[in-house]
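Heads up, the thing below is written out as C-alpha coordinates.
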Amino acid sequence: MPGGFVRTSPLEIMKNNMVNKALNFIGGIPDIILRNVPDITRSENPVGYDEYLSNLKFYSPPNWRNKSFLYLPDSAPGFEEHSSRNFIAGIVKVLRYSSRYQVRNPAMESEFNKHKANLSGYFHTWRHDQDEQRPLVLCIHGFMMGSPRRAMRMFKIKRLYDMGVDVGLYTIPHHWKRSDNPPEQHLLCPENVPMTIETVGQNIHDLHSAVLLLKHLGYDKIGIIGASLGGFTAALYATFDVPVDFMFMVVPAINFNHYLSPSRARFSFRVDSEIEEKTSEALQLVSALNYKPVFDVNKISVVMHAGDRLAEAKTTREWIKKWSILNCVEVTGGHWLYFDRDIRGKTWYGRLREMGYIE
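Spelled out as C-alpha coordinates, the structure:
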(Lines of atoms letter the chains of each structure in order from A and count residues from 1; the text may use other names and numbers.)
(Lines give C-alpha, C1' and ligand atoms only; values in the text may rest on other atoms or scores of the structure.)
Protein backbone atom coordinates (compact mmCIF):
# COMPACT_ATOMS: atom_id res chain seq x y z
CA MET A 1 0.00 0.00 0.00
CA PRO A 2 1.14 3.63 -0.51
CA GLY A 3 3.66 4.82 2.03
CA GLY A 4 4.19 1.28 3.33
CA PHE A 5 1.10 1.49 5.52
CA VAL A 6 -0.25 -1.94 6.47
CA ARG A 7 -3.84 -2.11 7.60
CA THR A 8 -4.67 -4.58 10.35
CA SER A 9 -7.89 -6.40 9.58
CA PRO A 10 -10.77 -6.40 12.09
CA LEU A 11 -10.34 -10.17 12.42
CA GLU A 12 -6.65 -9.77 13.26
CA ILE A 13 -7.47 -7.09 15.85
CA MET A 14 -10.08 -9.38 17.42
CA LYS A 15 -7.61 -12.29 17.53
CA ASN A 16 -4.95 -10.07 19.15
CA ASN A 17 -7.45 -8.86 21.73
CA MET A 18 -8.47 -12.41 22.54
CA VAL A 19 -4.84 -13.48 22.94
CA ASN A 20 -4.09 -10.52 25.22
CA LYS A 21 -7.16 -11.23 27.35
CA ALA A 22 -6.08 -14.85 27.69
CA LEU A 23 -2.54 -13.87 28.66
CA ASN A 24 -3.83 -11.33 31.17
CA PHE A 25 -6.08 -13.97 32.70
CA ILE A 26 -3.26 -16.51 32.91
CA GLY A 27 -0.84 -13.94 34.30
CA GLY A 28 -3.34 -12.95 36.98
CA ILE A 29 -3.83 -16.48 38.34
CA PRO A 30 -0.78 -16.39 40.70
CA ASP A 31 -1.97 -12.98 41.93
CA ILE A 32 -5.40 -14.34 42.81
CA ILE A 33 -3.83 -17.25 44.67
CA LEU A 34 -1.54 -14.92 46.64
CA ARG A 35 -4.43 -12.59 47.45
CA ASN A 36 -6.37 -15.43 49.03
CA VAL A 37 -3.67 -17.34 50.88
CA PRO A 38 -4.12 -16.82 54.66
CA ASP A 39 -1.18 -15.01 56.27
CA ILE A 40 -0.15 -17.32 59.11
CA THR A 41 2.34 -14.74 60.46
CA ARG A 42 -0.48 -12.37 61.51
CA SER A 43 -1.27 -12.26 65.22
CA GLU A 44 -4.43 -11.12 66.96
CA ASN A 45 -4.72 -7.45 67.88
CA PRO A 46 -5.15 -7.44 71.68
CA VAL A 47 -7.13 -4.17 71.91
CA GLY A 48 -10.89 -4.21 72.29
CA TYR A 49 -13.57 -2.91 69.96
CA ASP A 50 -13.95 0.58 71.47
CA GLU A 51 -10.22 1.28 71.57
CA TYR A 52 -9.64 0.05 68.04
CA LEU A 53 -12.56 2.06 66.67
CA SER A 54 -11.30 5.17 68.48
CA ASN A 55 -7.86 4.69 66.91
CA LEU A 56 -9.41 4.35 63.45
CA LYS A 57 -11.52 7.48 63.90
CA PHE A 58 -8.37 9.52 64.49
CA TYR A 59 -7.54 9.07 60.79
CA SER A 60 -11.04 9.72 59.49
CA PRO A 61 -12.56 12.97 58.20
CA PRO A 62 -12.76 15.71 59.27
CA ASN A 63 -9.51 15.35 61.28
CA TRP A 64 -7.27 15.62 58.18
CA ARG A 65 -9.56 17.39 55.74
CA ASN A 66 -7.73 20.73 55.78
CA LYS A 67 -4.17 19.55 56.35
CA SER A 68 -2.02 16.76 55.04
CA PHE A 69 -1.39 13.73 57.20
CA LEU A 70 1.84 13.05 55.31
CA TYR A 71 4.78 15.37 55.95
CA LEU A 72 8.47 15.62 55.06
CA PRO A 73 11.58 16.56 57.05
CA ASP A 74 13.22 19.92 56.37
CA SER A 75 16.85 18.83 56.53
CA ALA A 76 19.14 15.89 55.89
CA PRO A 77 19.57 13.48 58.79
CA GLY A 78 22.76 12.78 60.64
CA PHE A 79 24.21 9.43 59.59
CA GLU A 80 26.94 6.90 60.19
CA GLU A 81 28.66 4.40 57.94
CA HIS A 82 27.25 1.00 58.82
CA SER A 83 29.45 -0.98 56.42
CA SER A 84 31.45 -0.71 53.21
CA ARG A 85 33.09 -3.02 50.71
CA ASN A 86 34.63 -2.92 47.27
CA PHE A 87 32.31 -3.24 44.30
CA ILE A 88 33.88 -3.74 40.84
CA ALA A 89 36.07 -0.62 40.50
CA GLY A 90 34.09 1.33 43.08
CA ILE A 91 32.58 0.87 46.51
CA VAL A 92 29.24 0.02 48.09
CA LYS A 93 28.42 1.69 51.39
CA VAL A 94 25.53 1.19 53.77
CA LEU A 95 24.56 4.32 55.67
CA ARG A 96 22.40 4.31 58.78
CA TYR A 97 20.37 7.28 59.98
CA SER A 98 17.74 7.89 62.62
CA SER A 99 14.12 7.98 61.55
CA ARG A 100 12.85 11.36 62.70
CA TYR A 101 9.20 10.62 62.00
CA GLN A 102 6.88 11.70 64.80
CA VAL A 103 3.75 9.59 65.24
CA ARG A 104 0.61 11.56 64.49
CA ASN A 105 -1.72 9.63 66.78
CA PRO A 106 -0.44 9.77 70.40
CA ALA A 107 -2.34 6.56 71.16
CA MET A 108 -0.09 4.68 68.71
CA GLU A 109 3.25 6.05 69.92
CA SER A 110 4.09 3.26 72.37
CA GLU A 111 3.23 0.53 69.85
CA PHE A 112 5.18 2.31 67.13
CA ASN A 113 8.33 2.81 69.22
CA LYS A 114 8.52 -0.77 70.46
CA HIS A 115 9.85 -1.82 67.05
CA LYS A 116 13.39 -0.69 67.84
CA ALA A 117 15.04 -1.83 64.60
CA ASN A 118 12.58 0.23 62.59
CA LEU A 119 13.63 3.46 64.29
CA SER A 120 16.74 3.54 62.09
CA GLY A 121 16.79 3.98 58.34
CA TYR A 122 19.27 2.25 56.00
CA PHE A 123 20.51 3.39 52.66
CA HIS A 124 22.88 1.71 50.17
CA THR A 125 25.06 3.50 47.65
CA TRP A 126 26.94 1.76 44.82
CA ARG A 127 29.42 4.44 43.86
CA HIS A 128 32.07 4.64 41.15
CA ASP A 129 34.46 7.33 42.36
CA GLN A 130 33.99 9.45 45.46
CA ASP A 131 35.75 12.35 43.76
CA GLU A 132 33.41 12.41 40.75
CA GLN A 133 29.69 13.11 40.89
CA ARG A 134 27.53 11.07 38.53
CA PRO A 135 23.76 10.77 38.15
CA LEU A 136 22.26 8.43 40.72
CA VAL A 137 19.30 6.07 40.31
CA LEU A 138 17.47 5.63 43.59
CA CYS A 139 15.71 2.25 43.85
CA ILE A 140 12.69 1.63 46.08
CA HIS A 141 12.05 -2.09 46.54
CA GLY A 142 8.81 -4.05 46.73
CA PHE A 143 6.90 -5.69 49.58
CA MET A 144 9.07 -8.26 51.39
CA MET A 145 11.80 -7.61 48.81
CA GLY A 146 14.11 -5.46 50.96
CA SER A 147 17.14 -7.77 50.89
CA PRO A 148 19.99 -6.03 49.00
CA ARG A 149 20.63 -9.26 47.06
CA ARG A 150 17.04 -9.34 45.86
CA ALA A 151 17.18 -5.65 45.03
CA MET A 152 20.34 -6.16 42.98
CA ARG A 153 18.51 -8.74 40.87
CA MET A 154 15.23 -6.83 40.69
CA PHE A 155 16.75 -3.55 39.55
CA LYS A 156 19.76 -5.04 37.74
CA ILE A 157 22.01 -2.81 39.79
CA LYS A 158 25.27 -4.13 38.30
CA ARG A 159 24.01 -3.33 34.80
CA LEU A 160 23.04 0.19 35.84
CA TYR A 161 26.45 0.62 37.46
CA ASP A 162 28.20 -0.61 34.30
CA MET A 163 26.23 1.97 32.30
CA GLY A 164 27.95 4.68 34.30
CA VAL A 165 25.42 5.74 36.94
CA ASP A 166 25.71 5.45 40.68
CA VAL A 167 22.90 3.54 42.36
CA GLY A 168 21.12 3.93 45.68
CA LEU A 169 18.72 1.61 47.51
CA TYR A 170 16.26 2.99 50.05
CA THR A 171 15.05 0.49 52.66
CA ILE A 172 11.31 0.69 53.39
CA PRO A 173 10.26 0.43 57.08
CA HIS A 174 10.12 -3.05 58.63
CA HIS A 175 12.31 -4.54 55.89
CA TRP A 176 15.85 -5.94 56.00
CA LYS A 177 17.69 -4.54 59.05
CA ARG A 178 14.64 -2.44 59.91
CA SER A 179 12.83 -5.61 60.98
CA ASP A 180 13.04 -6.97 64.54
CA ASN A 181 11.82 -10.36 63.29
CA PRO A 182 12.42 -10.83 59.52
CA PRO A 183 9.97 -13.74 59.01
CA GLU A 184 7.18 -11.37 60.08
CA GLN A 185 6.24 -8.05 58.56
CA HIS A 186 4.72 -5.10 60.39
CA LEU A 187 4.15 -2.64 57.57
CA LEU A 188 0.84 -3.86 56.11
CA CYS A 189 -1.26 -5.11 59.00
CA PRO A 190 -4.98 -5.73 58.44
CA GLU A 191 -5.34 -6.33 62.18
CA ASN A 192 -3.80 -2.92 62.94
CA VAL A 193 -4.61 -0.42 60.21
CA PRO A 194 -3.78 2.60 62.43
CA MET A 195 -0.21 1.29 62.79
CA THR A 196 -0.04 0.68 59.04
CA ILE A 197 -1.07 4.28 58.35
CA GLU A 198 1.57 5.64 60.73
CA THR A 199 4.22 3.42 59.12
CA VAL A 200 3.29 4.63 55.63
CA GLY A 201 3.70 8.17 56.95
CA GLN A 202 7.12 7.18 58.27
CA ASN A 203 7.98 5.60 54.93
CA ILE A 204 7.44 8.83 52.95
CA HIS A 205 9.21 10.87 55.64
CA ASP A 206 12.25 8.56 55.68
CA LEU A 207 12.43 8.42 51.89
CA HIS A 208 12.77 12.20 51.83
CA SER A 209 15.49 11.93 54.47
CA ALA A 210 17.35 9.61 52.09
CA VAL A 211 16.95 12.05 49.18
CA LEU A 212 18.16 14.97 51.31
CA LEU A 213 21.07 12.82 52.45
CA LEU A 214 22.01 12.21 48.81
CA LYS A 215 21.87 15.96 48.21
CA HIS A 216 24.11 16.43 51.24
CA LEU A 217 26.57 13.94 49.74
CA GLY A 218 26.74 16.08 46.59
CA TYR A 219 24.31 14.40 44.20
CA ASP A 220 22.59 16.91 41.94
CA LYS A 221 20.95 14.44 39.57
CA ILE A 222 18.70 11.87 41.24
CA GLY A 223 16.04 9.76 39.53
CA ILE A 224 13.69 7.30 41.26
CA ILE A 225 12.56 3.84 40.22
CA GLY A 226 10.00 2.12 42.44
CA ALA A 227 8.51 -1.35 41.99
CA SER A 228 5.17 -2.50 43.43
CA LEU A 229 5.28 -1.24 47.04
CA GLY A 230 8.14 0.95 45.86
CA GLY A 231 5.82 2.37 43.20
CA PHE A 232 3.19 2.98 45.88
CA THR A 233 5.86 4.87 47.86
CA ALA A 234 6.97 6.93 44.86
CA ALA A 235 3.36 7.83 43.97
CA LEU A 236 2.74 9.23 47.46
CA TYR A 237 6.11 11.00 47.33
CA ALA A 238 4.97 12.68 44.10
CA THR A 239 2.24 14.46 46.07
CA PHE A 240 5.05 16.76 47.26
CA ASP A 241 7.42 19.10 45.42
CA VAL A 242 10.56 16.99 45.71
CA PRO A 243 14.10 17.49 44.33
CA VAL A 244 14.37 14.56 41.91
CA ASP A 245 14.60 14.55 38.11
CA PHE A 246 12.04 11.82 37.39
CA MET A 247 10.03 8.97 38.87
CA PHE A 248 9.66 5.63 37.10
CA MET A 249 7.04 3.32 38.61
CA VAL A 250 6.74 -0.36 37.73
CA VAL A 251 3.48 -2.14 38.64
CA PRO A 252 2.78 0.51 41.29
CA ALA A 253 0.35 -0.51 44.01
CA ILE A 254 -1.90 2.54 44.39
CA ASN A 255 -3.68 1.17 47.43
CA PHE A 256 -3.75 -1.96 49.58
CA ASN A 257 -7.43 -1.82 50.48
CA HIS A 258 -8.03 -5.49 49.66
CA TYR A 259 -5.10 -6.72 51.71
CA LEU A 260 -5.95 -4.39 54.60
CA SER A 261 -9.63 -5.25 54.67
CA PRO A 262 -10.81 -5.92 58.26
CA SER A 263 -12.29 -9.19 57.01
CA ARG A 264 -8.71 -10.47 56.74
CA ALA A 265 -7.79 -9.29 60.24
CA ARG A 266 -7.63 -11.08 63.55
CA PHE A 267 -9.56 -9.32 66.28
CA SER A 268 -10.97 -10.33 69.64
CA PHE A 269 -14.27 -8.83 68.50
CA ARG A 270 -16.66 -9.19 65.59
CA VAL A 271 -16.08 -6.86 62.65
CA ASP A 272 -19.16 -4.73 61.99
CA SER A 273 -20.14 -2.12 59.42
CA GLU A 274 -18.68 0.76 61.44
CA ILE A 275 -15.24 -0.89 61.62
CA GLU A 276 -15.42 -1.48 57.86
CA GLU A 277 -16.49 2.11 57.16
CA LYS A 278 -13.85 3.74 59.37
CA THR A 279 -11.14 1.45 57.96
CA SER A 280 -12.05 2.53 54.43
CA GLU A 281 -12.05 6.21 55.44
CA ALA A 282 -8.70 5.93 57.23
CA LEU A 283 -7.02 4.23 54.28
CA GLN A 284 -7.84 7.22 52.08
CA LEU A 285 -4.95 9.00 53.84
CA VAL A 286 -2.39 6.66 52.31
CA SER A 287 -3.51 6.25 48.70
CA ALA A 288 -2.21 8.50 45.93
CA LEU A 289 -5.66 8.18 44.35
CA ASN A 290 -6.94 10.64 46.97
CA TYR A 291 -4.26 13.30 46.40
CA LYS A 292 -3.29 15.63 43.60
CA PRO A 293 0.24 15.44 42.21
CA VAL A 294 2.60 18.28 43.07
CA PHE A 295 5.62 16.76 41.34
CA ASP A 296 5.55 17.37 37.57
CA VAL A 297 3.53 14.51 36.03
CA ASN A 298 5.47 14.92 32.78
CA LYS A 299 8.44 13.53 34.72
CA ILE A 300 6.49 10.46 35.83
CA SER A 301 6.57 7.22 33.80
CA VAL A 302 4.52 4.12 34.56
CA VAL A 303 4.78 0.52 33.41
CA MET A 304 1.72 -1.46 34.48
CA HIS A 305 0.57 -5.01 33.80
CA ALA A 306 -2.86 -5.25 32.23
CA GLY A 307 -3.86 -8.41 34.12
CA ASP A 308 -2.39 -7.39 37.49
CA ARG A 309 -4.59 -8.54 40.39
CA LEU A 310 -2.23 -7.50 43.22
CA ALA A 311 -1.54 -3.92 42.16
CA GLU A 312 -5.01 -3.83 40.60
CA ALA A 313 -4.80 -2.73 36.96
CA LYS A 314 -8.24 -1.12 37.21
CA THR A 315 -7.14 1.07 40.12
CA THR A 316 -3.84 1.93 38.43
CA ARG A 317 -5.67 3.09 35.29
CA GLU A 318 -8.03 5.20 37.43
CA TRP A 319 -5.03 6.86 39.10
CA ILE A 320 -3.23 7.44 35.78
CA LYS A 321 -6.35 9.08 34.35
CA LYS A 322 -6.93 11.23 37.43
CA TRP A 323 -3.33 12.47 37.44
CA SER A 324 -3.25 12.86 33.61
CA ILE A 325 -0.07 10.78 33.32
CA LEU A 326 0.83 10.45 29.64
CA ASN A 327 3.99 8.33 29.87
CA CYS A 328 2.35 4.96 30.50
CA VAL A 329 2.99 1.54 28.98
CA GLU A 330 0.85 -1.57 29.53
CA VAL A 331 2.38 -5.04 29.44
CA THR A 332 0.31 -8.23 29.15
CA GLY A 333 0.18 -10.49 32.18
CA GLY A 334 -0.17 -10.29 35.94
CA HIS A 335 1.92 -8.83 38.73
CA TRP A 336 4.50 -11.64 38.82
CA LEU A 337 3.76 -13.65 35.69
CA TYR A 338 3.92 -11.26 32.77
CA PHE A 339 4.82 -11.33 29.08
CA ASP A 340 6.40 -8.90 26.57
CA ARG A 341 9.34 -8.72 28.97
CA ASP A 342 11.50 -6.63 26.64
CA ILE A 343 9.00 -3.78 26.76
CA ARG A 344 9.72 -3.00 30.41
CA GLY A 345 13.47 -2.83 29.86
CA LYS A 346 13.23 -0.77 26.68
CA THR A 347 10.92 1.70 28.39
CA TRP A 348 13.14 2.00 31.45
CA TYR A 349 16.48 2.38 29.69
CA GLY A 350 14.87 4.66 27.13
CA ARG A 351 13.76 6.93 29.98
CA LEU A 352 17.29 6.97 31.39
CA ARG A 353 18.70 7.99 28.00
CA GLU A 354 16.04 10.65 27.57
CA MET A 355 16.99 12.15 30.95
CA GLY A 356 20.72 12.06 30.10
CA TYR A 357 21.60 9.46 32.74
CA ILE A 358 23.07 6.97 30.26
CA GLU A 359 24.22 7.18 26.65
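The sequence shown lines up with residues 0 to 358 when you count with numbering that gives the first Met the number 0. Each residue gets a CB set at the ideal place from its N, CA and C atoms; glycine is no exception. Every value quoted in this text rests on a predicted model; they were computed, and no experiment measured them.
Proximity of residue 179 and residue 233 at Cβ, strictly below 7 Å: no
Beta-carbon proximity check, residue 253 vs residue 287, cutoff 7 Å: yes
Beta strand (DSSP E) segment containing residue 226, residue limits: 221-226
Distance CB(residue 331)-CB(residue 192) smaller than 7 Å: no
Per-residue burial, residue 154 [other beta carbons within 10 Å of its own, 16 or more giving buried]: buried
Buried or exposed by the 16-neighbour rule on C-beta atoms within 10 Å, applied to residue 250: buried
Where the alpha helix (DSSP H) through residue 317 begins and ends: 312-322
Coil, strand or helix - residue 231 by DSSP: helix
Residues of its chain near residue 274, where Cβ-Cβ distance is below 6 Å and the 5 sequence neighbours each way are ignored: 261
Where residue 340 falls: helix, strand or coil (DSSP): helix
Same chain, Cβ closer than 7 Å to residue 74, five either side skipped, listed in chain order: 211
Residue 171 in three-state terms, based on DSSP: coil
Cβ-Cβ separation, residue 160 to residue 224 (assumed contact under 8 Å), whole Å: Actually they do not touch by this definition, with Cβ atoms about 14 Å apart.
Candidates 121, 81, 70 and 146, of which the one nearest residue 101 by Cα: 70
Close-in-space but distant-in-sequence residues of the same chain around residue 215 (CB under 8 Å, 5 per side omitted): 75
For residue 195 and residue 135, believed in contact at Cβ under 8 Å, the rounded distance: Not confirmed; about 30 Å, so no contact.
Length-filtered (4 minimum) alpha helix (DSSP H) runs lying within the segment 149-217: 156-161 and 192-215
N- and C-terminal bounds of the alpha helix (DSSP H) containing residue 358: First-last for residue 358: undefined, no H or E at that position.
Presumed contact (8 Å Cβ cut-off) between residue 334 and residue 304, rounded CB distance: 6 Å
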